[in-house]
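Below: the structure, in C-alpha cells.
In our numbering, the protein residues as written are 96 to 638.
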C-alpha cells in the first residue's frame with residue numbers, strides 16, 4: 096500500500112466532531128445515500144476467483160460493514176457489481192479490509208462485455224476510498240487488477256457504486272474539470288477568490304466522516320489551508336501547510352475524523368494548479384510516523400532513508416551466536432542496533448555545502464573476504480570519494496556489542512574535505528507496513544561521545560566527535576534535524592524532548608583527505624542480554 100504525504104499543521108479537532116470511529120464510518124458508508132440506482136435487491140456481485148462461504152462475494156454489496164469478501168487480485172482478476180439496469184454513475188466507494196492493493200482500475204460497462212476505464216488508482220491508501228469520475232451510463236462496475244502488480248489477493252467489506260447525485264460538487268468548475276481534478280491527468284487551475292488567494296470549495300452530497308484531502312500539485316503554489324463545514328454550517332480549521340510551496344504533494348488532514356458536508360481549500364499565490372485531489376477516509380488521521388514521512392518529502396528528501404519514500408529496503412542480521420538481541424544492517428549502511436531501536440544513518444556533506452545520502456546512490460554490497468559475517472555497503476558521495484560502512488558483532492562482558500565502521504577513502508587526485516554526520520532518527524529500519532515504523536525518541540541526550548535515548552544507552556563513539564546536537568521535531572517540522580545536517584550547522588543543544596517521540600540527534604566528524612588517504616569513524620552499540628518482552632517493550636542496554 097502506498098501513502099504520499101507532505102508537511103502540515105494539525106489543528107485540534109473540536110470535541111463534538113472528533114468522536115467518529117471507523118465502524119460507525121463503515122456503517123455510514125454502507126448505508127447508502129438515496130440514489131437514482133436500481134434497488135439493491137436487483138444487484139448481483141461476482142468475481143474472477145472462488146470464495147469460501149464465509150467470504151461469499153455477495154458480501155460485496157450486502158450493506159453490512161461487518162461482512163467481508165476477497166480473492167485473487169493478480170493480473171486478470173476482478174470483482175464486479177451488476178446493478179440490474181443501466182444508471183448514471185459518477186463514482187464509487189470502496190471499503191477495504193486490511194488487505195488492499197497498491198493499484199487497481201475501476202471500469203464500467205453497459206453490456207458486461209465492452210469495458211471502459213473510469214478511474215485508475217496507482218497508490219491506494221486503503222481504508223474507505225471515495226472516488227469520483229466523469230459521469231457515464233453503466234450497468235456494471237468492475238474493480239480490476241492492473242496489468243502488472245505484485246498484489247496476489249485482497250479483502251473488501253463493500254463496493255458501493257455512486258450515481259451522479261452522490262458525487263461531490265466542486266464550486267466554480269464544470270463537470271469535466273471536476274472529473275480531471277479527482278482522476279488526475281490534466282491539471283486544473285484553482286478559481287481566484289476576492290481575498291487575492293485561490294479557493295476551492297467541495298460540497299459533499301451528505302455529511303460524511305473524513306480527515307481531509309490529499310493533494311498533488313502542478314506548478315508553483317503557496318501556503319495551503321483546509322477547512323471543513325459541519326452539519327450546522329460552521330467552518331472549522333482542519334490543517335494548514337505553510338510550506339506547501341516547496342512540495343509537489345500535500346497531506347492536509349486532522350488528527351481525528353470530522354463529519355463534514357463541505358471542504359474549503361485556500362491557497363496563497365496566483366492561480367495554483369492541482370494535478371489530483373483525494374478525499375481522505377476517516378482512518379487516515381495524522382500520526383507521528385506520518386508527520387515524519389511528511390518531513391522526508393521536502394527539500395532534503397535525498398537525505399532521508401528510502402523506506403520513508405515507500406521504497407523496499409533490504410537488510411541483514413548482525414549478532415553473536417545465541418545472542419538474545421541482534422542488530423540489522425541495511426543495504427545503505429544504516430543500522431538498527433536492537434529490535435525497535437532508532438535508526439543510525441551516515442550522511443556526507445562536502446566542503447562546498449553539497450550533502451548526500453546513500454539512498455540515491457549506486458551501492459555495492461559485500462562480505463569481508465567474500466565469506467566472513469561482516470557485511471558492508473560501499474558508495475560514492477561525490478566524485479573521488481568512497482564511503483564504506485561495515486559492521487560485525489562480538490561478545491564482551493557477557494553481552495553482544497555491534498561495531499560499525501564508516502571508512503572514507505579519497506580515490507581521486509585532489510584533496511577532499513567535508514563532514515561525515517551520523518543521524519540518530521526516530522524510526523525503525525522496517526516501515527509501518529512491515530510491522531516497523533516509529534521508534535519514539537521522547538528524550539535524547541548527547542553525553543560526550545555517547546548518545547542516550549529515552550534514558551537508555553544507544554551508542555558510544557570510539558572516534559572523537561567534532562560536533563554534536565539534538566533537536567525536537569518542532570512545529571510543522573521546523574527544527575527537524577536533517578536541515579541542520581544539510582546546512583552544516585548542528586543545534587547547540589545536547590538534549591531534546593519531544594512529546595510525540597520525534598526528537599533526533601546528530602554526531603559530526605570533520606574529514607580532510609589527501610589523495611589516497613582514508614579515515615574511519617567507529618561506533619559501538621551495546622545490545623544487552625535481555626530478551627524482547629512479550630508486550631513489545633524494549634530491553635535496557637547496560638551503561
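Cβ coordinates follow ideal geometry from the N, Cα and C atoms, glycine included.
Asked                                                                                                                                                              : Found
Buried or exposed: residue 120, going by 16 or more other Cβ atoms within 10 Å of its Cβ?                                                                          : In this prediction, residue 120 has a pLDDT of 42, which is less than 50 and means its spatial position is unreliable; what the coordinates show is noted afterwards. Per the 10 Å Cβ criterion, buried.
Excluding the 5 residues flanking residue 111 on each side, which residues of the same chain have their C-beta closer than 6 Å to its C-beta?                      : Since pLDDT at residue 111 reaches only 38, below the 50 mark, its modelled position is unreliable, and no value is offered.
Quick one: any contact between the stretch 560-571 and the stretch 601-614, if contact means 3 or more CB pairs under 8 Å?                                         : yes
Under the rule that 16 or more other beta-carbon atoms within 10 Å means buried, what is residue 217, buried or exposed?                                           : exposed
Can you tell me the Cα-Cα spacing of residue 517 and residue 441, whole angstroms?                                                                                 : 5 Å
Give the secondary structure of residue 210 by DSSP, where H, G and I count as helix, E and B as strand, and everything else as coil.                              : coil
Output the boundary residues of the alpha helix (DSSP H) element that contains residue 183.                                                                        : Not the alpha helix (DSSP H): residue 183 falls in the beta strand (DSSP E), residues 173-191.
Out of 473, 477 and 510, which has the shortest C-alpha to C-alpha gap to residue 57?                                                                              : A question about residue 57 goes unanswered here, because the residues of the chain that appear run from 96 up to 638.
Which of the three DSSP states is assigned to residue 443 in this structure?                                                                                       : strand
Return helix, strand or coil for residue 404, following the three-state DSSP convention.                                                                           : helix
Going by other Cβ atoms of all chains shown within 10 Å of its Cβ, with 16 needed for buried, is residue 530 buried or exposed?                                    : exposed
Among 557, 365, 590 and 505, which has the Cα closest to the Cα of residue 611?                                                                                    : 505
Determine the extent of the alpha helix (DSSP H) in which residue 272 is found, giving its start and end residues.                                                 : 270-278
Answer with buried or exposed for residue 243, where buried requires no fewer than 16 other C-beta atoms within 10 angstroms of its C-beta.                        : exposed
Using the Cβ count rule (16 or more neighbours within 10 Å means buried), how would you classify residue 542?                                                      : exposed
Starting from the N-terminal side, write out each stretch of the beta strand (DSSP E) that is 3 residues or longer and does not extend beyond the stretch 346-407. : 368-375
Measuring CA to CA, which of 449, 284 and 455 is closest to residue 426?                                                                                           : 455
Please report the straight-line C-alpha distance between residue 172 and residue 621, rounded to a whole angstrom.                                                 : 50 Å
Inspect the CB distances between the stretch 471-488 and the stretch 584-601 and report whether three or more fall short of 8 Å.                                   : no
Taking only the alpha-carbon atoms, compute the straight-line gap between residue 449 and residue 384 and give it to the nearest angstrom.                         : 27 Å
Ends of the beta strand (DSSP E) at residue 250?                                                                                                                   : 248-258
Just to check my reading of the structure: residue 335 and residue 359 have Cβ atoms closer than 8 Å, yes? What is that Cβ distance to the nearest angstrom?       : Actually they are not in contact, since the Cβ atoms of residue 335 and residue 359 sit about 12 Å apart, beyond 8 Å.
According to the Cβ coordinates, are residue 278 and residue 229 closer than 9 Å?                                                                                  : yes
Is it buried or exposed, residue 225, if we count other Cβ atoms within 10 angstroms and call 16 or more buried?                                                   : buried
Taking three-plus beta-carbon pairs below 8 Å as touching, is the stretch 300-318 in contact with the stretch 256-264?                                             : yes
From this set, 580, 525, 333 and 351, which residue's C-alpha is nearest residue 452's C-alpha?                                                                    : 580
Flag this pair as yes or no: are the beta carbons of residue 154 and residue 167 separated by less than 9 Å?                                                       : no
Got a sec, what are the start and stop residues for the alpha helix (DSSP H) residue 580 sits in?                                                                  : 576-582
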